[in-house]
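Student:
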Amino acid sequence: MLDDAGLRALREAARLSPENLPLRRHLAEQLLAGGYLSEAEAEYRAALRLAPGDPDIVAGLAEAFVRQSSHGAALSALEPFLAVPGYPPRLGVIAARALLGEGDTVGAAQRYRDAVSRDPAVSDPDLAVRLEPPQPVADVPAYAAPVSSGETRETGVEAVRSRVTFADVAGMDTVKEALRIKLLLPVQQPELFAAFGKRAGGGVMMYGPPGAGKTHLARAAAGELGASFIDVGLADILDMYIGSSERNLRATFNLARRNRPCVLFFDEVDALAARRADMRQAHNRQLVNQFLAELDGVDERANEGVLVLAATNAPWYVDAAFRRPGRFDQLVFVPPPDVAARAAILRILCRDKPLAEMDFDAVARATDQFAGADLKGVVDRAVEAKLQQSISAGRLVPLTTRDLLAAARDARPTAVREWLATARNYVLHANDSGAWDELTPWIKDIR
Ligand code: ADP
Numbered sequence: 053m054l055d056d057a058g059l060r061a062l063r064e065a066a067r068l069s070p071e072n073l074p075l076r077r078h079l080a081e082q083l084l085a086g087g088y089l090s091e092a093e094a095e096y097r098a099a100l101r102l103a104p105g106d107p108d109i110v111a112g113l114a115e116a117f118v119r120q121s122s123h124g125a126a127l128s129a130l131e132p133f134l135a136v137p138g139y140p141p142r143l144g145v146i147a148a149r150a151l152l153g154e155g156d157t158v159g160a161a162q163r164y165r166d167a168v169s170r171d172p173a174v175s176d177p178d179l180a181v182r183l184e185p186p187q188p189v190a191d192v193p194a195y196a197a198p199v200s201s202g203e204t205r206e207t208g209v210e211a212v213r214s215r216v217t218f219a220d221v222a223g224m225d226t227v228k229e230a231l232r233i234k235l236l237l238p239v240q241q242p243e244l245f246a247a248f249g250k251r252a253g254g255g256v257m258m259y260g261p262p263g264a265g266k267t268h269l270a271r272a273a274a275g276e277l278g279a280s281f282i283d284v285g286l287a288d289i290l291d292m293y294i295g296s297s298e299r300n301l302r303a304t305f306n307l308a309r310r311n312r313p314c315v316l317f318f319d320e321v322d323a324l325a326a327r328r329a330d331m332r333q334a335h336n337r338q339l340v341n342q343f344l345a346e347l348d349g350v351d352e353r354a355n356e357g358v359l360v361l362a363a364t365n366a367p368w369y370v371d372a373a374f375r376r377p378g379r380f381d382q383l384v385f386v387p388p389p390d391v392a393a394r395a396a397i398l399r400i401l402c403r404d405k406p407l408a409e410m411d412f413d414a415v416a417r418a419t420d421q422f423a424g425a426d427l428k429g430v431v432d433r434a435v436e437a438k439l440q441q442s443i444s445a446g447r448l449v450p451l452t453t454r455d456l457l458a459a460a461r462d463a464r465p466t467a468v469r470e471w472l473a474t475a476r477n478y479v480l481h482a483n484d485s486g487a488w489d490e491l492t493p494w495i496k497d498i499r
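So the sequence shown is numbered by this note's numbering: it starts at 53 and just counts up by one.
1) In this structure, how does DSSP classify V136 when only helix, strand and coil are distinguished?
2) Measure the alpha-carbon distance for V321 versus A363 and round it to whole angstroms.
3) Between the C-alpha atoms of R97 and L151, what's the straight-line distance to the nearest angstrom?
4) Is D220 near the ligand ADP, in the sense that its beta carbon is under 7 Å from a heavy atom of that ligand?
5) Have a look at L68 and S442 and give me their C-alpha separation to the nearest angstrom.
6) Comparing alpha-carbon positions, which option in R312, R213, A167 lies nearest R353?
7) Alpha helix (DSSP H) containing Q162: first to last residue?
8) Would you mind giving the Cβ-Cβ distance between D371 and V415, rounded to the nearest angstrom? I have them listed as a contact below 8 Å.
9) Taking 8 Å as the limit between beta carbons, can you name the residues of its chain near P70, skipping five residues before and five after?
10) Any contact of the segment 212-230 with the segment 432-450, i.e. 3+ C-beta pairs under 8 Å?
11) Going by Cα to Cα distance, which pick from W368, L457, Q421 is closest to F412?
12) Would you say the beta carbon of K234 comes nearer than 7 Å to a heavy atom of the ligand ADP?
13) How big is the Cα-Cα spacing for M257 and V386?
14) If you measure between the beta carbons of V209 and L307, is that distance less than 8 Å?
15) With distances taken from CA atoms, which of P107, G124, A473, S128 is nearest P141?
16) Do V174 and V145 have their beta-carbon atoms positioned less than 8 Å apart in this structure?
17) With a threshold of 16 other CB atoms inside 10 Å of the CB of L244, please say whether the residue is buried or exposed.
18) Hey, would you say the C-beta of A94 is under 7 Å away from at least one heavy atom of the ligand ADP?
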């Protein structure tokens with residue numbers, strides 16, 4: 053990497069000779085290596101004008117975007133290349149980082165695997181750790197590495213250990229209590245349950261606005277119980293392996309049975325459990341029936357020690373058959389956090405960050421209608437800004453209340469309000485069974 057004087061000379065040379073592609077490309081590389089990200093971005097753009105379609109320049113540009121957390125821009129730059137079979141594997145790895153940055157962990161893992169399978173030299177150990185558990189049982193999400201057993205090879209889901217527990221979930225005392233009784237007590241105190249003629253098993257369906265913490269809670273329930281955790285994004289089963297979905301579903305349940313006690317978590321279950329009448333394709337109906345059969349188990353003990361949790365943002369679309377006794381007979385509302393819960397979430401999210409004085413209550417008051425995921429976005433953005441400042445200042449500049457407030461001001465979370473507006477329609481117009489009574493206090497101020 054060049055020192056400052058070297059960089060200055062290079063900048064000057066490029067200014068005098070703007071059409072010199074090798075020079076501009078070299079300057080861009082040096083800027084990127086030095087961490088001058090926005091300047092590197094500008095140089096790569098200029099170089100790209102001189103050599104449109106050069107994959108190395110696009111790689112540099114995308115890298116500059118990713119390091120500035122502009123993941124969407126990185127993907128737009130890479131897209132035309134990735135659409136072509138046999139694209140340069142190096143671009144695939146950068147795309148995987150951008151996808152991960154956007155929260156598309158499944159897509160990221162797929163992209164990464166594809167790139168590295170074609171050229172192992174492009175592997176990125178840090179990224180691999182974030183995508184693929186290093187050993188069969190690890191505390192990373194289960195989207196990536198297929199387990200070695202042939203039975204589940206195609207599903208891509210895996211049993212992992214969760215290190216988060218209920219202590220990592222702020223607020224939500226009612227929800228935790230409901231999960232504790234349903235999921236944890238039967239396993240922790242089986243005699244008590246047996247005495248009342250209850251058996252473990254069956255499922256709990258959590259519903260609520262996106263980002264309210266349903267996935268986080270499921271993972272924490274597994275950690276609390278010391279159970280293994282299987283996270284099934286339905287994309288895993290539906291999209292990627294069309295044709296053998298039923299087999300994958302069975303394999304997933306069997307994986308859970310082999311790893312008991314186990315929390316088997318189905319995210320966005322409405323994609324699977326949408327009312328069967330709405331389903332035009334017989335194939336989907338078969339899949340639902342298979343899912344219900346697995347839930348019921350071939351005999352009473354089939355799912356012992358397997359705790360099936362599901363999450364949905366749209367509980368009203370879920371087929372009533374899913375809610376019969378022994379299936380998801382319990383619906384648990386995971387509400388958007390109130391002001392105390394928001395302060396608690398912020399405290400947890402900032403736990404391991406360098407902090408100056410911090411008035412979490414003030415930030416909580418300023419973040420009405422923010423879900424947990426929105427608060428995480430606020431903290432991430434504030435930390436990013438602080439990192440830039442620390443790099444310029446050459447020393448660590450801690451996070452302050454003001455930083456969080458500024459990041460919150462720039463955020464426009466809409467998911468909670470929109471979700472409550474939809475929920476309101478169901479509470480007012482489709483609540484004959486009383487299923488949505490729990491939502492009543494939440495929708496009274498929503499128009
Ligand atoms: P959902 O599954 O409901 O869409 P997530 O569980 O993915 O939401 O929540 C997104 C992120 O927000 C979590 O990974 C976690 O960091 C944070 N979060 C949400 N709720 C809480 C909470 N109660 N306590 C701590 N962190 C939370």
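All residues carry an ideal CB built from backbone N, CA and C; glycine is no exception.
Here the structure is a predicted model, which is why all the values come from computation and not from measurement.
Tutor: Let me spell this out:
1) V136: coil per DSSP, three-state reduction.
2) 6 Å
3) 21 Å
4) yes
5) 33 Å
6) R312
7) 157-170
8) Their Cβ separation, rounded to whole angstroms, is 41 Å, which puts D371 and V415 out of contact at 8 Å.
9) These residues qualify, in order along the chain: R76, A98.
10) Counting Cβ pairs under 8 Å, fewer than three are found: no touch.
11) L457
12) no
13) One Cα belongs to M257, the other to V386, and the distance between them is close to 10 Å.
14) For V209 and L307, yes; Cβs fall inside 8 Å.
15) P107
16) yes
17) L244 comes out exposed.
18) no
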